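Report on the structure given below.
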Amino acid sequence: MTDNKNNIQDDEFRVIGRRPANPASTPSQAPKPDGKTGRRGVVGVVSLLIILAIGLLIYFNWPGGKKPQPDPGVFDPVPTQKDPAPEKVALGSPADSLRAPYAERIDTTINDVRLAIYIPHNAAPRLSVGAPDAQTRKAFLAFQAADIRADNRKILGAFVLKGKPLAWGLSKKGYCAIIDGKVTIGTAENSPLFEEATEKEGYFFRQYPLVDRGTLVESELKNKTMRKALCDRDGQVFVAVSQTDESMHDFAQALVDLGVDNAIYLVGSHSAFGWWRNEAGEIEYFSQDKHRASFRNESYIIWE
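Each residue of the sequence shown is one higher than the last, beginning at 202 in my numbering.
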């Protein structure tokens, strides 16, 4: 083999190519990424995934954000939109201010409780003390109102008669105020209407609450007897009387289901005196014994 690079003999061959400058840097010996650089890449990917997960969590749970909804099943009940509560329609005959005063009776049954509803028309309410005379042509509706004490026979609870306070105290939380001809029924331990009644020559008395803003009020009375209630139903004031002996709970529940907003008890039982006069002027008494002796401090709510 000759030393001359340009002279190649018949039994020789030449390898054509560039010799690597550094034999140690062959592909099999190329430097590998070190371990620190690899761990940084993994940490970066994990951090990105965590940030993405937090973002999705905030998006779907933020108020107003879109929340994934489950797919409905074949047998799942389909949610329906609740119908709005029906508008209350006044009970009895339509209001007619040109008609003469009278009392109207409506009979209805609520939850197996038979009720007679007495509605005054074109008559002004007031309170009185002492048994009224039913034979006077002025009064169309009369019910006993506040109770009297068992020990001294005085009026039980706060009472105002035409601006004059006759009794004080909180024996029962229900109240009725009549001021400027308007009847207000409610439940409260203290009511500014007591003072307002004294200032404006109005009326005020206390009784057991039965319904407070559409909610039944439980009573401590557990016996059964004829029940009476002074009611306010969407601004219409009337008296409801049970036609059978009922507990306070069942009677109050019937009033709630009737749609009464506020109601207080009136002196009930079969012996409580009172009457109503229809359009023909005929009188019907609520008491089975209308000629019994009355107490001096009996109070009545009267429309005339």
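We put the CB at the ideal spot given by N, CA and C, even for glycine. From a predicted model like this one, the values you see are computed outputs, not experimental measurements.
1) With distance defined between alpha-carbon atoms, name the residue in V246, D458 and T416 nearest to N312.
2) From F360 to Y404, what does the alpha carbon distance come to, in whole angstroms?
3) Starting from F360, follow its DSSP beta bridges and name the residues at the other end.
4) Taking all protein chains shown into account, do 16 or more other C-beta atoms lie within 10 angstroms of the C-beta of T388, making it buried, or fewer, making it exposed?
5) Among residues of its own chain, excluding the 5 on either side of S372, which ones have a beta-carbon nearer than 7 angstroms to its beta-carbon?
6) Evaluate Q336 with the Cβ neighbour count: other Cβ atoms within 10 Å of its Cβ, from every protein chain shown; 16 or more gives buried, anything less gives exposed.
7) Kindly list the residues whose CB is nearer than 6 angstroms to the CB of R497, restricted to its own chain and excluding five residues on each side of it in sequence; keep chain order.
8) Indicate whether Q454 and L422 have their beta-carbon atoms separated by less than 8 angstroms.
9) From A317 to F344, what distance separates their C-alpha atoms?
10) Pick out whichever of L342, F439 and A368 has its Cα sitting closest to the Cα of R350.
11) Given this structure, state the Cα-to-Cα distance separating F523 from A378, to the nearest angstrom.
12) Run the CB neighbour count on G182, radius 10 Å, all protein chains shown included, and call it buried at 16 or more, exposed below.
13) So what does DSSP say about G245, is it helix, strand or coil?
14) Between which two residues does the alpha helix (DSSP H) carrying F395 extend?
15) Just the C-alpha distance for L411 and V440, rounded to the nearest angstrom, thanks.
16) With distances taken between CB atoms, is the gap from A398 to I380 smaller than 8 angstroms?
17) For G409, I'd like the list of residues in its chain whose CB is within less than 6 angstroms of its CB, leaving aside the five on either flank, ordered along the chain.
18) With DSSP collapsed to three states, give me the class of Q454.
19) Give the DSSP-derived three-state secondary structure of A304 in the structure shown.
Working from what's here:
1) Ranked by Cα distance from N312, the options V246, D458 and T416 are led by D458.
2) Roughly 7 angstroms separates the two Cα atoms.
3) Beta-bridge analysis with DSSP links F360 to A368 and F406.
4) By the 10 Å Cβ count, T388 comes out buried.
5) So the qualifying residues of the chain are L357, G358 and R407.
6) Q336 comes out exposed.
7) Hits under 6 angstroms: none found.
8) With a cutoff of 8 angstroms on beta-carbon distance, Q454 and L422 are scored as not near each other.
9) If you take the alpha carbons of A317 and F344, they lie about 14 angstroms apart.
10) The option with the nearest alpha carbon to R350 is A368.
11) Nothing about residue 523 can be reported from this structure: the residues present for the chain run from 202 to 505 only.
12) Any answer about residue 182 is impossible in this case: the structure gives the chain only from 202 up to 505.
13) In the structure shown, G245 sits in a helix (DSSP, three-state: H, G or I).
14) Element bounds for F395: L394 to E400.
15) For L411 and V440, the distance between alpha carbons rounds to 13 angstroms.
16) Yes, these two residues count as a Cβ contact at 8 angstroms.
17) According to the sequence as given, residue 409 is Tyr; it is not Gly. Hits under 6 angstroms: K373, G375, S420 and Y466.
18) Looking at Q454 - three-state DSSP - the assignment turns out to be helix.
19) Three-state DSSP puts A304 in a strand.
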